[in-house]
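The structure under discussion appears below in the form of structure tokens.
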Amino acid sequence: MHYEGTIIRPPSEAHSILLQVTVGCSRNKCTFCGTYTGERFRIKSDDVIQQDIAFAAANCRRQRRVFLCDGDALIIPQRRLVRILEAIRDQLPWVTRVGSYANAKSLQLKSPEELKELHRRGLGILYMGLESGDDATLKRIHKGAHSGLMTAMGRKAREAGFKLSITVILGIAGRERSQIHARETGRVLSAIDPDYVGALSLMLIPGTALYDEWQSGAFSLIEPAEMLAELRTILAETRLSQGLFHANHASNYLPIRARLPKDKEAILALIDRALAGEVALKPEYMRAL
Numbered sequence: 040m041h042y043e044g045t046i047i048r049p050p051s052e053a054h055s056i057l058l059q060v061t062v063g064c065s066r067n068k069c070t071f072c073g074t075y076t077g078e079r080f081r082i083k084s085d086d087v088i089q090q091d092i093a094f095a096a097a098n099c100r101r102q103r104r105v106f107l108c109d110g111d112a113l114i115i116p117q118r119r120l121v122r123i124l125e126a127i128r129d130q131l132p133w134v135t136r137v138g139s140y141a142n143a144k145s146l147q148l149k150s151p152e153e154l155k156e157l158h159r160r161g162l163g164i165l166y167m168g169l170e171s172g173d174d175a176t177l178k179r180i181h182k183g184a185h186s187g188l189m190t191a192m193g194r195k196a197r198e199a200g201f202k203l204s205i206t207v208i209l210g211i212a213g214r215e216r217s218q219i220h221a222r223e224t225g226r227v228l229s230a231i232d233p234d235y236v237g238a239l240s241l242m243l244i245p246g247t248a249l250y251d252e253w254q255s256g257a258f259s260l261i262e263p264a265e266m267l268a269e270l271r272t273i274l275a276e277t278r279l280s281q282g283l284f285h286a287n288h289a290s291n292y293l294p295i296r297a298r299l300p301k302d303k304e305a306i307l308a309l310i311d312r313a314l315a316g317e318v319a320l321k322p323e324y325m326r327a328l
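Just add 39 to wherever you are in the sequence shown, counting from 1, and you've got the working numbering.
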């Protein structure tokens, strides 16, 4: 495989074929993210992509899924992306699902018909970073979209037939807007009604703008108990028709996994026990991105 730069993928794609079709992220301005610092976004050449698909056809017969790296493969023009999906279908017929990151911009650029075409051709799941449903927080972290647009684009993806996995970040609003962020995030998640929600806990990365804000005192990093309180509020305010809500990422202090709505009350009770000191939290040295 012709891998370049930093390769990332969702935890659920750990055993997938990682097919790098773009380098970097088409947005690359979020203040909390240092993944692609200094990396200019570009789409890889069709020739290199086809070579990598051929390599996977010869060497990756045990993997049943493909994940299109890097930060936003959905931004690829429709005809080129269709050709990639056709090649995966033709050369990797054992693959049952293709996944990709998506953001509000890339979803906005695709028409509903184009999204449905991509779904028909095998793109089955999209991973979208909401981070927060609070407009003031989204503006501060330079997300590039307000909550209304994020809601509309998430629903657009769902209506096109995709499984949708949404990530939110505990602590991203700092102390001042902590509970506002939590309530608004629950509101937006409920409006989108995704299949999966993943809550991560903020970890400050040296070299990012948010890290610099923290060092200067302009941003307050909340304590573990405050992050847990945010998690409780988000979960309490989130109403999914039938979705999986999990906070079992390595960054989290209390791993949880809940099928909503049936597990909601039990998990809220668990969080309450943790807030009361009856359940141990993960020690700081065991947290990771």
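Glycine residues also receive a C-beta, built at the ideal position from the N, C-alpha and C atoms.
Check	Outcome
Beta-carbon spacing of glycine 31, isoleucine 231 below 8 Å	Nothing in the structure corresponds to residue 31, since the chain is present only between 40 and 328.
Of the residues Asp91, Lys182, Cys69, the one placed nearest isoleucine 56, counting alpha carbons only	Asp91
DSSP three-state assignment for arginine 66, whether helix, strand or coil	coil
Rounded C-alpha distance that separates glycine 213 from cysteine 108	30 Å
Nearest to leucine 113 (by Cα), restricted to the options Tyr42, Ser65, Thr74, Ile127	Ser65
Whole-Å CB distance - cysteine 69 paired with lysine 178, under 8 Å assumed	Cysteine 69 to lysine 178, Cβ: 12 Å. No contact.
Cα-Cα separation between glutamate 170 and cysteine 72, rounded to whole angstroms	11 Å
Neighbour-count burial assignment, serine 150, 16 or more Cβ in a 10 Å radius	exposed
Proximity below 8 Å, CB of alanine 184 to CB of methionine 167	no
Segment contact, 8 Å Cβ cut-off, at least three pairs: the segment 297 to 316 with the segment 246 to 255	no
Chain-order list of residues whose beta-carbon lies under 7 Å from that of alanine 264 (same chain, five-residue window excluded)	Leu314
For glycine 282, the three-state DSSP class (helix, strand or coil)	strand
Contacts around threonine 247, its chain only, beta-carbon distance under 7 Å, and the 5 residues preceding and following it disregarded	Thr70, Phe71, Cys72, Gly73
Nearest to threonine 6 (by Cα), restricted to the options Glu156, Met266, Arg101	No statement about residue 6 is possible, as the shown extent of the chain runs from 40 to 328 and does not include it.
Closest Cα partner of arginine 104 within the set Ala95, Asp111, Gln281	Ala95
Test item: CB-CB of arginine 373 and leucine 124 under 8 Å	No answer is possible for residue 373: it lies beyond the span of the chain, which begins at 40 and ends at 328.
Candidates Pro245, Arg222, Glu323: closest to leucine 274 by CA position	Arg222
Residues of its chain near threonine 272, where Cβ-Cβ distance is below 8 Å and the 5 sequence neighbours each way are ignored	Gln218, Ala221, Arg222, Gly225
Distance CB(threonine 61)-CB(isoleucine 47) smaller than 8 Å	no
Distance between threonine 277 and glutamate 153 (C-alpha atoms, nearest Å)	30 Å
Per-residue DSSP class, three states only, for serine 145	helix
Beta carbon of methionine 209 nearer than 8 Å to that of leucine 243	Note that residue 209 corresponds to leucine in the displayed sequence, not to methionine. Contact: no.
Exposed unless 16 or more other CB atoms sit within 10 angstroms - verdict on proline 325	Note that residue 325 is methionine in the sequence shown here, rather than proline. Under this definition methionine 325 is an exposed residue.
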